[in-house]
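*Asks:* Residue numbers are given in numbering that gives the first Met the number 0: position 167 of the sequence shown equals residue 166, and the series is strictly consecutive.
The C-beta atom is built at its ideal place from N, Cα and C for all residues, glycine as well.
Keep in mind it's a predicted model, so treat the numbers as computed, not measured.
Pasting a structure here, questions to come.
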Amino acid sequence: MNPPSTLGLVLRFAFLALAWGCSFLFIKVALEGLSPSQVVLGRLLIGALTLGLVVWGGKVPLPRGLKVWGHLFVLGAFLCVVPFTLFAAAETMISSGLASIYNATTPLLTALVAILALPGERLTRRAAGGLALGFLGVLVVVGLPVGAPTSGGGELAGQLMCLGATACYGIGFVWIRRFISPLGLPAASVAFVQVGLGAVVALVLAPFTALQPVVLELPVVLSILALGALSTGLAYIWNTEIVTGWGATSASSVTYLTPVVGVIAGVLVLGETFSWNQPLGGALVVLGVVLTKLRRRRPTRDARPASPDVQREQMRKGRG
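Here it is as structure tokens:
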């Protein structure tokens, strides 16, 4: 299969930002007819079916080995079942836009988990400043500054659930880096197995957690289909293609757009409102993420010394 063109990558990047940014809107609408556990079950089943079709159509080989499948089961728990459940439960208490703002803390918590769990990771001053600024943004969103609207008990519980979900993402991403990436497995098959195992777990738990009455109105059905097929299925493929074409750093910039898309979608579609501290805190979180991702460039040295004329010109410019 030929790699996507530049235009194709740009379109995939836009679709990815929309799919992940609108996923919180899809959850909110789906909750009008489904319980949080039912939303998670439907999302994982449809996502696994979508990824299964991609794997089958592309004849992508599945991972082999009980140990590898054990690692993928862990990913199914930390990247699918637990965070999806926490976000769905949280959105019964808070707005979809606020949930999308908290989702932007994922890179911060991933960096923190990596520093704690990976021997090669060091906490540089710039990364420490980024983490501090990002978590200051979280406090601003919660409403701790004087004059900021503070959260009620239920809303605070929902916000803590969102942070728990992003902490799970952080653990899952570090798990991928530590145990899955070195194996060089096809991304589509990894995504299919991890989402599929998550769907199996959700099915096993369904008799205990997903027995509430179901109201399948058209908006609910469309939202759960979009949440599963786009946000949980095709988004994995798009993200992998973008990482391959542009590199991980450029691909990760989608993180900066998802809270913007999520807040705008919540306001335009659901008529949600937000207080001044929420977008301000979200901006601080994004800025903290940017700082943690910056890498200090090493100075390059010319193998040959500059001529005296060049040296004099460089000195003159340095004084300017």
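Work out the CA separation of alanine 201 and glycine 51 for me, nearest whole Å.
*Replies:* As a working note, residue 51 is residue 52 in the sequence shown. As a working note, residue 201 is residue 202 in the sequence shown. Answer to the nearest angstrom: the Cα atoms are 17 Å apart.
*Asks:* Do you know offhand how far tryptophan 68's Cα is from phenylalanine 134's?
*Replies:* Walking along the sequence shown from the start, residue 68 turns up at place 69. Walking along the sequence shown from the start, residue 134 turns up at place 135. Taking the straight line joining both Cα atoms gives about 34 Å.
*Asks:* Just verifying my parser: in three-state terms, what is the DSSP assignment at methionine 160?
*Replies:* In the sequence shown, counting from the first residue as 1, residue 160 sits at position 161. Here methionine 160 sits in helix by DSSP.
*Asks:* Taking just the CA atoms, how far does alanine 113 sit from threonine 124?
*Replies:* Here the question's residue 124 lines up with position 125 in the sequence shown. Here the question's residue 113 lines up with position 114 in the sequence shown. A small fix is needed here, since residue 124 is arginine in this sequence, not threonine. Those two C-alpha atoms are separated by around 16 Å.
*Asks:* So, are the CB atoms of valine 194 and alanine 47 less than 8 Å apart?
*Replies:* In the sequence shown, counting from the first residue as 1, residue 194 sits at position 195. In the sequence shown, counting from the first residue as 1, residue 47 sits at position 48. The answer is yes: Cβ separation under 8 Å.
*Asks:* Give the secondary structure of alanine 209 by DSSP, where H, G and I count as helix, E and B as strand, and everything else as coil.
*Replies:* As a position in the sequence shown, residue 209 is number 210, starting the count at 1. Here alanine 209 sits in coil by DSSP.
*Asks:* Mind listing, in chain order, the continuous alpha helix (DSSP H) runs of no fewer than 4 residues lying wholly within the segment 104-144?
*Replies:* Counting only runs of 4 or more, we get 105-116 and 124-141.
*Asks:* With a 10 Å radius around its C-beta and 16 neighbouring C-beta atoms as the bar for buried, classify alanine 126 as buried or exposed.
*Replies:* Translated into the one-based positions of the sequence shown, residue 126 becomes position 127. When all chains shown are included, alanine 126 counts as buried.
*Asks:* Identify whether leucine 50 lies in helix, strand or coil by the three-state DSSP scheme.
*Replies:* Residue numbering aside, residue 50 sits at position 51 when the sequence shown is read from its first letter. Here leucine 50 sits in helix by DSSP.
*Asks:* In whole angstroms, what separates the C-alpha of phenylalanine 12 from that of threonine 5?
*Replies:* For this step, residue 12 is matched to residue 13 along the sequence shown. For this step, residue 5 is matched to residue 6 along the sequence shown. One C-alpha to the other measures close to 11 Å.
*Asks:* What residue from Val289, Leu217, Glu271 and Ile93 has the CA that sits closest to methionine 160's CA?
*Replies:* Numbered from its first residue, the sequence shown carries residue 160 at position 161. Cα-wise, what sits closest to methionine 160 is Ile93.
*Asks:* Round the Cβ separation of glutamine 37 and valine 213 to the nearest angstrom and send it over; I've been treating them as touching at under 8 Å.
*Replies:* As a first step, residue 37 is located in the sequence shown; it is residue number 38 there, counting from the start. As a first step, residue 213 is located in the sequence shown; it is residue number 214 there, counting from the start. With a Cβ gap of about 7 Å, glutamine 37 and valine 213 count as contacting.
*Asks:* Rounded to a whole number of angstroms, what is the C-alpha to C-alpha distance between tryptophan 275 and isoleucine 236?
*Replies:* The residue given as residue 275 occupies position 276 in the sequence shown. The residue given as residue 236 occupies position 237 in the sequence shown. If I take the Cα positions, the gap works out to 36 Å.
*Asks:* Among the candidates Val137, Trp174 and Glu31, whose CA atom is the shortest distance from the CA of alanine 103?
*Replies:* On the sequence shown, residue 103 is found 104 positions in, with the first residue counted as 1. Per the Cα distances, Val137.
*Asks:* With a Cβ-Cβ cutoff of 8 Å, do isoleucine 100 and proline 258 count as a contact?
*Replies:* The residue you call residue 100 lines up with position 101 of the sequence shown. The residue you call residue 258 lines up with position 259 of the sequence shown. Closer than 8 Å, so yes.
*Asks:* Report the three-state DSSP secondary structure of serine 95 (helix, strand or coil).
*Replies:* As a position in the sequence shown, residue 95 is number 96, starting the count at 1. Reduced to three states, the DSSP call for serine 95 is helix.
*Asks:* Would the C-beta of leucine 78 count as close to the ligand NAD, meaning under 7 Å from any of its heavy atoms?
*Replies:* In the structure shown, the ligand NAD is absent, as is every other ligand, since no ligand is present at all.
*Asks:* Quick check on the DSSP output: the alpha helix (DSSP H) that includes tryptophan 19 runs from which residue to which?
*Replies:* Looking up residue 19 in the sequence shown gives position 20. Start and end: 5-29.
*Asks:* Can you say whether arginine 42 is buried or exposed, counting buried as having 16 or more other CB atoms within 10 angstroms of its CB?
*Replies:* For this step, residue 42 is matched to residue 43 along the sequence shown. Flag for arginine 42 reads buried.
*Asks:* Please report the straight-line C-alpha distance between proline 278 and valine 139, rounded to a whole angstrom.
*Replies:* Against the sequence shown, residue 278 aligns to sequence position 279. Against the sequence shown, residue 139 aligns to sequence position 140. If I take the Cα positions, the gap works out to 9 Å.
*Asks:* Nearest to glycine 128 by alpha carbon, out of Val81, Val141 and Leu111?
*Replies:* Along the sequence shown, read from residue 1 onward, the residue named residue 128 stands at position 129. Nearest option by C-alpha distance: Leu111.
*Asks:* Hey, would you say leucine 40 sits closer than 8 Å to leucine 196, going by beta carbons?
*Replies:* The sequence position of residue 40 within the sequence shown is 41, counting from 1. The sequence position of residue 196 within the sequence shown is 197, counting from 1. The answer is no: Cβ separation not under 8 Å.
*Asks:* DSSP three-state label for glycine 319, please.
*Replies:* Taking the first residue of the sequence shown as position 1, residue 319 is located at position 320. Residue placement at glycine 319 is poorly supported in this model, since its pLDDT is 48, which falls under 50; the coordinates still yield a value, given next. In this structure, glycine 319 counts as coil in the three-state DSSP scheme.
*Asks:* My parser needs the beta strand (DSSP E) runs of 3 or more residues fully inside the segment 214-291; what are they?
*Replies:* Runs found: none.
*Asks:* Touching or not, the segment 21-37 and the segment 173-191, by the rule of three or more beta carbon pairs under 8 Å?
*Replies:* These segments do not touch.
*Asks:* Ordered along the chain, which non-local residues of its own chain (more than five positions away) have a Cβ less than 7 Å from that of alanine 156?
*Replies:* Taking the sequence shown and counting its residues from 1, one reaches residue 156 at position 157. Excluding sequence neighbours, alanine 156 sits near Met92.
*Asks:* Cα separation between valine 81 and threonine 105?
*Replies:* Position 82 of the sequence shown, counting from 1, holds the residue named residue 81. Position 106 of the sequence shown, counting from 1, holds the residue named residue 105. Looking at the two C-alpha atoms, the distance is approximately 14 Å.
*Asks:* Which of the three DSSP states, helix, strand or coil, is assigned to glutamate 90?
*Replies:* Residue mapping note: residue 90 aligns to position 91 of the sequence shown, counting from 1. Coil at glutamate 90, not helix or strand.
*Asks:* Measuring only the C-alpha atoms, how far is alanine 29 from leucine 226?
*Replies:* Within the sequence shown, numbered from 1, the residue matching residue 29 stands at position 30. Within the sequence shown, numbered from 1, the residue matching residue 226 stands at position 227. Cα-Cα distance, rounded: 9 Å.
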